[in-house]
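Here the structure comes first, spelled out in structure tokens, and everything after it is commentary.
There are 2 protein chains.
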Amino acid sequence: MKISELSRRSGVSIPTIKYYLRDGLLPPGRATAANQADYGEEHLRRLRLVRTLVGVRRLPVGAVKEILGAITEQDGDLHQIFGIVTDARPVTQQQKQARERERQEAGEETGGVTDARELVAAMGWEVHSGTAALRSLGEVLDALSDMDSGIDWRSLLPYARLADRISELDVQQMNGVSGVLELAERAVLVSVLLEPALLAMRRLAQEDKSARLFGGGPEEEGEEE
Amino acid sequence: MKISELSRRSGVSIPTIKYYLRDGLLPPGRATAANQADYGEEHLRRLRLVRTLVGVRRLPVGAVKEILGAITEQDGDLHQIFGIVTDARPVTQQQKQARERERQEAGEETGGVTDARELVAAMGWEVHSGTAALRSLGEVLDALSDMDSGIDWRSLLPYARLADRISELDVQQMNGVSGVLELAERAVLVSVLLEPALLAMRRLAQEDKSARLFGGGPEEEGEEE
Numbered sequence: 001m002k003i004s005e006l007s008r009r010s011g012v013s014i015p016t017i018k019y020y021l022r023d024g025l026l027p028p029g030r031a032t033a034a035n036q037a038d039y040g041e042e043h044l045r046r047l048r049l050v051r052t053l054v055g056v057r058r059l060p061v062g063a064v065k066e067i068l069g070a071i072t073e074q075d076g077d078l079h080q081i082f083g084i085v086t087d088a089r090p091v092t093q094q095q096k097q098a099r100e101r102e103r104q105e106a107g108e109e110t111g112g113v114t115d116a117r118e119l120v121a122a123m124g125w126e127v128h129s130g131t132a133a134l135r136s137l138g139e140v141l142d143a144l145s146d147m148d149s150g151i152d153w154r155s156l157l158p159y160a161r162l163a164d165r166i167s168e169l170d171v172q173q174m175n176g177v178s179g180v181l182e183l184a185e186r187a188v189l190v191s192v193l194l195e196p197a198l199l200a201m202r203r204l205a206q207e208d209k210s211a212r213l214f215g216g217g218p219e220e221e222g223e224e225e
Numbered sequence: 001m002k003i004s005e006l007s008r009r010s011g012v013s014i015p016t017i018k019y020y021l022r023d024g025l026l027p028p029g030r031a032t033a034a035n036q037a038d039y040g041e042e043h044l045r046r047l048r049l050v051r052t053l054v055g056v057r058r059l060p061v062g063a064v065k066e067i068l069g070a071i072t073e074q075d076g077d078l079h080q081i082f083g084i085v086t087d088a089r090p091v092t093q094q095q096k097q098a099r100e101r102e103r104q105e106a107g108e109e110t111g112g113v114t115d116a117r118e119l120v121a122a123m124g125w126e127v128h129s130g131t132a133a134l135r136s137l138g139e140v141l142d143a144l145s146d147m148d149s150g151i152d153w154r155s156l157l158p159y160a161r162l163a164d165r166i167s168e169l170d171v172q173q174m175n176g177v178s179g180v181l182e183l184a185e186r187a188v189l190v191s192v193l194l195e196p197a198l199l200a201m202r203r204l205a206q207e208d209k210s211a212r213l214f215g216g217g218p219e220e221e222g223e224e225e
């Protein structure tokens, strides 16, 4: 297909496609004339993934390039692909070891991270030790403890069980998707784009529950406050 | 209590407390000497809420002041308090009407917001029409549609049902908390501080599910990649 069709089918503008071509995010098309090239389905798939990583994951072009490289090395291993596209950015084994050393030299981990490991163990989740989500959860647990909130990792277990059910829905979204690039695109959509949707639905449900439990029933529009 | 004890019990530094006093976020204490004042439990409760709104909701001091004013006007109406502390900032009825007019003048709402309303109706959630979460959900639905993801509001219903169960846990966290300021503080902790915890737990559970389904079982530490 011509670049104009590639643009139409991917929803990416021609100038942006040209920029990706110059930058090596897309391999060149097959030259058909002095200033024309032919692009295939593989270009389209790659372009859709790039668009998703840039637009949804909000990654800079350099990081997208690294990720594309890492994905194509995985030989279709969906577990690795899932991890690469959802984590901040791909890291080599050496970088990981260096980071781990830094963390160890920086001293003991916080009580929150230790508690996060307790929760993970109680849920029977098998995750690798350096997962970023473990540190995020640890930070929240540290904050809850600093605030004497009375909420600890045990209080979060009912939430963890619902998070577990959400993750089951997430992996089901991969059914019927084939091809490394399509799988990677779907993994980004499901993991990252659904985050604000989940939080928004929780907020909507909270409003409903809070009105039923604490308010005088649902409010009429325009009469709130 | 003296300002030093107020600082110790609230975890807020003395200079910060003095800044809040000057700024009117905290009412003055009862003067006991030329340069000394006595503070009560009410100061402590208010200070804890301010700390949570600034630290967790990351609100500027001006907005916190508005919120404190709005909360004390609610006369203990927990549904209103929940809405005030979880929404971006309190708005007066006039501001709300002005915003609604702006939206109407700006034209029809996006297809995503219409779909978000369908989802809310299908779930039987009673929410008011201008809720910010409805627009957030609409934006995600628009993005999913722009990307030809094949994921629409109906595909999100299983997620919505889990979000509903999460919100039931959320309102349960209010049990046993009394006093307007304590309720407001708890509502911020539960609604806002638990967001990153929920997303982190979902990510941990995803890693577990993805390893079980797609990978060759859980990885040994240090051997990933």
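Protein chains in written order, with full-length UniProt numbering: chain U, 1 to 225; chain G, 1 to 225. Quick reminder that beta carbons are idealized off the backbone N, C-alpha and C, glycines included.
Rounded straight-line distance, which links the Cα of residue j to that of residue i
{"i": "R117/G", "j": "D148/G", "result": "20 Å"}
{"i": "I166/G", "j": "K2/U", "result": "49 Å"}
{"i": "G29/G", "j": "E41/G", "result": "11 Å"}
{"i": "I17/G", "j": "P27/G", "result": "11 Å"}
{"i": "G24/G", "j": "S13/G", "result": "17 Å"}
{"i": "A133/G", "j": "R203/G", "result": "22 Å"}
{"i": "M123/G", "j": "Q36/U", "result": "52 Å"}
{"i": "V140/U", "j": "R9/G", "result": "21 Å"}
{"i": "T72/U", "j": "V192/U", "result": "20 Å"}
{"i": "V54/G", "j": "Q74/U", "result": "44 Å"}
{"i": "Y159/U", "j": "L68/U", "result": "34 Å"}
{"i": "R89/U", "j": "F214/U", "result": "Reliability of the predicted coordinates at R89/U is poor, the pLDDT of 44 falling under 50, and the value obtained from them is presented with this limitation in mind. Distance between the alpha carbons of R89/U and F214/U: 44 Å."}
{"i": "V56/U", "j": "D208/U", "result": "29 Å"}
{"i": "W125/U", "j": "G179/G", "result": "38 Å"}
{"i": "Y19/U", "j": "L78/U", "result": "29 Å"}
{"i": "L59/G", "j": "T52/G", "result": "9 Å"}
{"i": "L157/U", "j": "D146/G", "result": "36 Å"}
{"i": "A200/U", "j": "G62/U", "result": "31 Å"}
{"i": "D164/G", "j": "E109/G", "result": "25 Å"}
{"i": "Y39/G", "j": "L162/G", "result": "44 Å"}
{"i": "A143/G", "j": "G11/U", "result": "12 Å"}
{"i": "residue 231/G", "j": "L47/G", "result": "With chain G covering only 1 through 225, there is no way to say anything about residue 231/G."}
{"i": "A70/U", "j": "Q173/G", "result": "43 Å"}
{"i": "A115/G", "j": "V127/G", "result": "Here residue 115/G is Asp; the residue named in the question, Ala, does not match the sequence. Between D115/G and V127/G, the C-alpha separation is close to 15 Å."}
{"i": "V177/G", "j": "S155/U", "result": "16 Å"}
{"i": "G76/G", "j": "A31/G", "result": "29 Å"}
{"i": "N175/U", "j": "R212/G", "result": "15 Å"}
{"i": "K65/G", "j": "H43/G", "result": "14 Å"}
{"i": "G83/G", "j": "A121/G", "result": "20 Å"}
Neighbouring residues, chain G, relative to residue i (Cβ below 7 Å)
{"i": "H79/U", "result": "S210, A211, F214 and G215"}
{"i": "A163/U", "result": "L198, M201, R202 and A205"}
{"i": "L156/U", "result": "A197"}
{"i": "T131/U", "result": "L204 and E207"}
Per-residue contacts from residue i into chain U (C-beta, under 8 Å)
{"i": "Y159/G", "result": "I166, L169, L194, A197, L198 and M201"}
{"i": "L144/G", "result": "L189 and L193"}
{"i": "L14/G", "result": "The displayed chain sequence assigns Ile, not Leu, to residue 14/G. Neighbours of I14/G on chain U: none; closest Cβ ~18 Å, over 8 Å."}
Proximity of residue i and residue j at Cβ, strictly below 8 Å
{"i": "L189/G", "j": "I151/U", "result": "yes"}
{"i": "L6/G", "j": "E185/G", "result": "no"}
{"i": "G112/G", "j": "G130/G", "result": "no"}
{"i": "L194/G", "j": "I81/G", "result": "no"}
{"i": "L181/G", "j": "R22/G", "result": "no"}
{"i": "L119/U", "j": "W153/U", "result": "yes"}
{"i": "S136/U", "j": "P196/G", "result": "yes"}
{"i": "S210/U", "j": "V171/G", "result": "yes"}
{"i": "V85/G", "j": "A205/G", "result": "no"}
Within chain U, the residues that residue i reaches when beta carbons sit closer than 9 Å
{"i": "L68/G", "result": "Simply none; closest approach about 16 Å."}
{"i": "M147/G", "result": "G11, R48, R51, T52, G55, V56, E185, L189 and L193"}
{"i": "A31/G", "result": "Simply none; closest approach about 29 Å."}
{"i": "I3/G", "result": "What I3/G touches in chain U: nothing, since even the nearest Cβ is about 19 Å away."}
7 Å Cβ cut-off: residues of chain U touching residue i
{"i": "V180/G", "result": "The premise fails here: V180/G is roughly 12 Å from chain U at the closest Cβ pair, so nothing lies under 7 Å."}
{"i": "G112/G", "result": "Under the 7 Å cutoff, chain U gives no residues; its nearest Cβ is about 10 Å from G112/G."}
{"i": "S136/G", "result": "P196 and A200"}
Listed by chain order, chain G residues near residue i by CB distance under 8 Å
{"i": "V120/U", "result": "L204"}
{"i": "L59/U", "result": "Per Cβ cutoff of 8 Å: no residues; L59/U is ~16 Å from chain G at best."}
{"i": "T86/U", "result": "R203 and Q206"}
{"i": "V140/U", "result": "L193, L194, P196, A197 and A200"}
{"i": "G40/U", "result": "Within chain G, no residue comes near G40/U; the closest Cβ sits about 19 Å away, beyond 8 Å."}
Beta-ladder partner(s) of residue i, from DSSP
{"i": "D38/G", "result": "R30/G"}
(message) Could you tell me which whole beta strand (DSSP E) segments of length 3 or greater appear in the segment 155-206 of chain G?
(response) DSSP runs (the beta strand (DSSP E)) wholly in the segment 155-206 of chain G: none.
(message) What ranges does the alpha helix (DSSP H) occupy inside the segment 53-83 of chain G, keeping only unbroken runs of at least 4 residues that lie completely in it?
(response) For the segment 53-83 of chain G, whole alpha helix (DSSP H) runs of length 4 or above, ordered along the chain, are 61-73.
(request) Would you mind listing the alpha helix (DSSP H) stretches within the segment 109-147 of chain U that are 4+ residues and don't spill past its ends, in chain order? (result) Correct list: 111-123 and 132-146.
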